[in-house]
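Visitor:
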Amino acid sequence: MADIEIANEALSLTVTTTSGAIWRFISRSDSLETPLFREPSQGRERPALKSGCFPLVPFGNRVRHNRFSFEGREHLLEPNMDWDRHHLHGDGWTSEWHLASHAKGEIVLSLDHRGTGTPYAYDAEQRFSLAGPTLTTTLSVTNRGEFALPFGLGWHPYFPLTKGTTLKAAARSYWAEDSSWLPTVEHPVTGHIDFSQPRGLPRRWVNTVFEGWNSEAKIYWRESGISLAIDADPLFSRYLVFVSDPAFDAGYDYDFFCFEPMSHSADGHNMPSGGGLVRLAPGEGLTGSVRYTCHRS
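If you read the sequence shown in the numbering used here, its first letter stands for residue 375, the second for the next number, and so on.
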């Protein structure tokens with residue numbers, strides 16, 4: 375395990391090789407430092423679920439019944455969390471990454487995954503770079519298996535949630551979910567989860583995939599006057615909003631939410647359309663970037 379830091383006059387970023395996670399992402403102004411991602415847990419451990427952001431590779435979210443068919447092959451996945459019966463968020467976030475390079479303003483992490491419990495064998499890379507007030511995150515994956523499989527990419531950032539927090543992220547539709555946290559019916563975006571204009575986050579459970587995102591979003595914290603503009607590559611045409619609930623997490627105090635850029639839908643493996651997943655033959659790759667730009671009013 376290693377923590378690696380880069381910084382400039384506007385931003386500071388700390389990543390950890392454990393789970394390939396962003397541990398801290400800070401806005402700097404004179405002597406004032408303001409967290410842009412959730413402040414992580416204290417101590418020596420680096421659990422992904424207590425980080426600021428972790429990668430979603432070779433796919434994000436869940437696959438119904440931990441199984442899918444692709445090009446005449448049946449594939450099974452094993453659960454990777456003791457509190458969820460699904461194989462959750464792929465396995466990049468449960469793996470130890472390696473520091474490939476560390477230069478002024480840039481960190482590159484790599485992962486060679488050949489694990490069990492999944493049909494996926496792949497190489498992945500994360501590149502983090504700072505330029506002025508902008509953090510650019512780039513995630514790549516290459517199929518190293520013996521047959522083609524559907525791949526997807528994403529990130530799982532946690533953002534501070536205050537009473538004055540608003541989110542703007544236009545989308546066409548959203549998926550209702552069942553008791554297994556998997557999508558059921560697609561609906562037009564309306565009401566309390568219509569973020570086409572700046573809106574506060576509901577103080578109740580939200581675990582919703584939105585379709586038809588234009589790859590732009592803005593988070594604003596009224597108390598600090600700081601906003602974070604999110605600009606993603608067109609590959610990321612979906613996002614997931616997560617607001618937890620004390621009934622699910624007894625320690626939750628409505629102090630963070632997740633806005634997850636994703637290339638595909640939850641359970642896209644079992645959708646006739648593929649849900650945005652990309653077929654990669656052996657040796658083929660997929661890459662995408664998301665940029666976060668901090669503004670102070």
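Cβ coordinates follow ideal geometry from the N, Cα and C atoms, glycine included.
(1) Would you call the region 477-487 and the region 495-515 in contact, with 3 or more CB pairs under 8 Å?
(2) According to DSSP, simplified to helix, strand and coil, what is Trp579?
(3) Suppose contacts are defined by Cβ-Cβ distances below 8 Å. Is Gly491 in contact with Met636 by that definition?
(4) Quick one: Cα of Met325 to Cα of Leu541, how far?
(5) Grouping DSSP H, G and I as helix and E and B as strand, with all else coil, what is Asn517?
(6) Could you compute how far the alpha carbon of Arg653 sits from the alpha carbon of Thr516?
(7) Taking just the CA atoms, how far does Leu513 sit from Ala606?
(8) Go ahead and label Arg420 buried or exposed: buried means 16 or more other beta carbons lie within 10 angstroms of its beta carbon, across all protein chains shown.
(9) Specify the secondary structure class of Thr564 as computed by DSSP and reduced to three states.
(10) Tell me which residue opens and which closes the beta strand (DSSP E) that Asp377 is part of.
(11) Determine the closest residue to Asp377 out of Leu451, Glu470, Arg441, with distance taken between C-alpha atoms.
(12) Taking only runs of the beta strand (DSSP E) that begin and end inside the region 452-530, which ones reach a length of at least 3 residues, in chain order?
(13) Less than 7 Å between C-beta atoms, sequence neighbours within five positions excluded: which residues of the same chain meet that for Val431?
(14) Specify whether the region 620-631 and the region 559-571 touch according to this definition: at least 3 beta carbon pairs, one from each stretch, less than 8 Å apart.
(15) Among residues of its own chain, excluding the 5 on either side of Phe444, which ones have a beta-carbon nearer than 7 Å to its beta-carbon?
(16) Taking only three categories from DSSP, how would you classify Gly426?
(17) Are at least three pairs of beta-carbons, each pair with one atom in the region 587-596 and one in the region 395-405, less than 8 Å apart?
(18) Flag this pair as yes or no: are the beta carbons of Leu451 and Val437 separated by less than 8 Å?
(19) Looking at Thr508 and Ser663, is the spacing between their C-beta atoms short of 8 Å?
(20) In whole angstroms, give me the CA-to-CA distance for Phe442 and His460.
(21) Can you give me the C-alpha to C-alpha distance between Glu379 and Ser386, rounded to a whole angstrom?
(22) Along the chain, where does the beta strand (DSSP E) containing Ser401 start, and where does it finish?
(23) Suppose only complete runs of 3+ residues qualify. What are the beta strand (DSSP E) ranges in the region 534-558, listed by chain order?
(24) What number of angstroms, rounded off, separates the C-alpha of Arg398 from the C-alpha of Phe616?
(25) I need the straight-line Cα distance from Tyr532 to Pro453, nearest angstrom please.
(26) Compare the Cα-Cα distances from Arg518 to each of Met375, Gly659, Ser671 and report the closest residue.
(27) Can you pull the DSSP bridge partners for His449?
(28) Whole-angstrom Cβ separation of Cys427 and Trp529, contact assumed at under 8 Å?
(29) Enumerate in chain order the residues of its own chain whose CB-to-CB distance from Trp555 is below 7 Å, with the five nearest sequence positions on each side excluded.
Guide: The structure says:
(1) The region 477-487 is in contact with the region 495-515.
(2) Of the three classes helix, strand and coil, the one that applies to Trp579 here is coil, per DSSP.
(3) no
(4) Missing from the structure shown is residue 325; the chain here goes from 375 to 671 and no further.
(5) In the three-state DSSP reduction, Asn517 falls in the strand class (E or B).
(6) Straight-line Cα distance between these residues: approximately 11 Å.
(7) 12 Å
(8) buried
(9) coil
(10) For Asp377, the enclosing beta strand (DSSP E) has its first and last residue at 377-381.
(11) Glu470
(12) 472-477, 480-487, 496-505, 508-517, 523-525
(13) Gly464, Gly466, Ala498, Leu513, Val515, Leu527
(14) no
(15) Leu523, Pro524
(16) Gly426: coil per DSSP, three-state reduction.
(17) no
(18) A contact, by the Cβ cut-off of 8 Å.
(19) No, the Cβ-Cβ distance between Ser663 and Thr508 is not below 8 Å.
(20) 13 Å
(21) Taking the straight line from one Cα to the other gives about 7 Å.
(22) 396-403
(23) Qualifying beta strand (DSSP E) stretches, in chain order: 539-542, 547-551.
(24) 20 Å
(25) 23 Å
(26) Among Met375, Gly659, Ser671, the Cα nearest to that of Arg518 belongs to Gly659.
(27) Phe442
(28) Between Cys427 and Trp529 the beta-carbon gap is near 6 Å, inside 8 Å, which marks them as a contact.
(29) Arg436, Asn581
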